[in-house]
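Reading the sequence shown from the start, the letters are residues 1 to 212 in UniProt numbering.
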Amino acid sequence: MRTQVIDHPLVAHKLTVLRNRDTDSPTFRSLADELVTLLAYEATRDVRVEPCEIVTPVSPTTGVRLASPRPLVVPILRAGLGMLDGMMRLLPTAEVGFLGMVRNEETLEAATYAERLPDDLSGRQCYVLDPMLATGGTLAAAIRFLVDRGADHITAVCLLAAPEGCARLEGELADLGVPVTIVTAAMDERLNEKGYIVPGLGDAGDRLYGVA
Ligand code: URA
1 MRTQVIDHPL
11 VAHKLTVLRN
21 RDTDSPTFRS
31 LADELVTLLA
41 YEATRDVRVE
51 PCEIVTPVSP
61 TTGVRLASPR
71 PLVVPILRAG
81 LGMLDGMMRL
91 LPTAEVGFLG
101 MVRNEETLEA
111 ATYAERLPDD
121 LSGRQCYVLD
131 PMLATGGTLA
141 AAIRFLVDRG
151 ADHITAVCLL
161 AAPEGCARLE
171 GELADLGVPV
181 TIVTAAMDER
191 LNEKGYIVPG
201 LGDAGDRLYG
211 VA
């Protein structure tokens with residue numbers, strides 16, 4: 001597994017505003033959207049393309065286009081939905097599938113409660129959207145789900161990550177046999193006793209959707 005922390009002043013600036021508890025939901029949503037687009041630029045560095053021929057107003061030339069099968073973008077419900085527009089801005093022809101995962105707040109384990117994905121993901125590059133890589137349970141379960149369906153390349157885009165979650169993913173996905181990359185705006189210090197990222201930004205879903 002490869003973890004890529006994006007070092008860019010605009011990423012750091014937007015993340016700082018997201019972290020601030022005084023930032024209201026409309027501002028949070030709009031900045032999260034912008035931040036995801038910046039992360040998406042790095043996350044799509046390995047997106048598969050194929051050569052093609054075109055004609056400019058001046059001459060024929062060669063270029064590239066996205067290869068088939070199209071990449072699949074998978075927001076993890078609920079908070080991953082707040083990252084979808086920011087990702088699709090750079091990959092407008094991608095297909096979108098949905099995965100509903102819920103974390104049991106006592107055991108902190110993840111379970112699937114909803115799924116709307118193609119049956120066969122053979123040869124698909126998948127971009128998983130999950131704002132907070134905290135314990136890693138949700139993301140590990142989601143990645144395994146996609147690989148079991150045939151996905152052969154996974155990139156997870158997370159606003160924030162915790163070292164504990166990354167370590168868990170490394171361990172749980174060691175036998176996966178599929179390349180996994182985590183792209184995030186920051187690697188925070190740790191998790192607290194409730195499984196929240198410290199310093200973090202609080203509950204991403206609540207902050208996106210205005211639940212107090
Ligand atoms: N989920 C969140 O929304 N925030 C955290 O800090 C951890 C998990």
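Just so it is clear, CB atoms sit at the ideal spot from N, CA and C, and this is done for glycine as well.
Please read these numbers as outputs of a predicted model, since none were measured by experiment.
As assigned by DSSP and simplified to three states, the class of residue i
i, result
"MET132", "strand"
"GLY63", "strand"
"ALA174", "coil"
"ALA111", "strand"
"ARG149", "coil"
"LEU72", "strand"
"PRO51", "strand"
"THR93", "coil"
"VAL58", "coil"
"VAL102", "strand"
"VAL211", "coil"
"LEU121", "coil"
"ALA156", "strand"
"MET187", "strand"
"ARG29", "helix"
"residue 213", "There is simply no residue 213 to check, as the chain begins at 1 and stops at 212 in what is shown."
"ILE6", "coil"
"ALA162", "coil"
"THR181", "strand"
Rounded C-alpha distance that separates residue i from residue j
i, j, result
"GLU164", "GLY123", "30 Å"
"TYR196", "ALA134", "7 Å"
"VAL180", "ALA110", "19 Å"
"ARG65", "VAL74", "21 Å"
"GLU170", "ILE182", "11 Å"
"PRO26", "LEU208", "8 Å"
"GLY137", "GLN4", "19 Å"
"THR23", "LEU15", "11 Å"
"VAL198", "ALA162", "8 Å"
"VAL102", "ARG78", "9 Å"
"ARG190", "ARG48", "34 Å"
"VAL178", "GLU172", "13 Å"
"GLY210", "GLU115", "25 Å"
Residue from the options with nearest C-alpha to residue i
i, options, result
"ASP120", "VAL47, ASP152, ASP188", "ASP152"
"ASP206", "PHE28, GLU105, LEU10", "PHE28"
"ARG149", "ALA156, LEU117, GLU172, MET132", "LEU117"
"GLU50", "GLY177, ARG70, LEU160", "ARG70"
"LEU72", "GLU42, THR138, LEU160, THR155", "THR155"
"ALA43", "ILE143, LEU176, ARG2", "ARG2"
"ALA200", "HIS13, ARG19, GLN4", "The displayed chain sequence assigns Gly, not Ala, to residue 200. Answer by Cα proximity: ARG19."
"CYS166", "SER68, LEU139, VAL211, ARG144", "LEU139"
"LEU31", "TYR41, ARG48, HIS13", "HIS13"
"MET187", "GLU193, LEU159, GLY210", "LEU159"
"VAL96", "TYR41, VAL102, ASP175, CYS126", "CYS126"
"THR105", "ALA174, GLU193, LEU15", "With the sequence shown as reference, residue 105 is identified as Glu, and Thr is not the correct amino acid for it. For the residues ALA174, GLU193, LEU15, the minimum Cα distance to GLU105 belongs to GLU193."
"ASP46", "VAL198, ALA67, GLU115", "ALA67"
"VAL157", "ARG78, ARG48, MET132", "MET132"
"ASP175", "GLY63, GLY80, ILE143", "ILE143"
"ARG81", "ARG168, ASP130, ALA185, THR184", "The sequence as given places Leu at residue 81; Arg does not occur at that position. That would be ASP130, whose Cα lies nearest to the Cα of LEU81."
For residue j and residue i, believed in contact at Cβ under 8 Å, the rounded distance
i, j, result
"ILE76", "VAL128", "7 Å"
"ARG99", "PHE145", "Note that residue 99 corresponds to Leu in the displayed sequence, not to Arg. That belief holds up - the Cβ atoms of LEU99 and PHE145 are roughly 7 Å apart, short of 8 Å."
"THR112", "ALA141", "7 Å"
is_contact[residue i, chain B] using C-beta, thresh 8 Å
i, result
"PHE98", "Among the chains in the structure shown there is no chain B, since it carries only a single protein chain."
**Asked** Are the segment 84 to 100 and the segment 31 to 48 touching by the rule of at least three beta carbon pairs closer than 8 Å?
**Response** yes
**Message:** Three or more C-beta pairs under 8 Å: does that hold for the segment 6 to 25 against the segment 48 to 60?
**Reply:** Verdict: no, contact absent.
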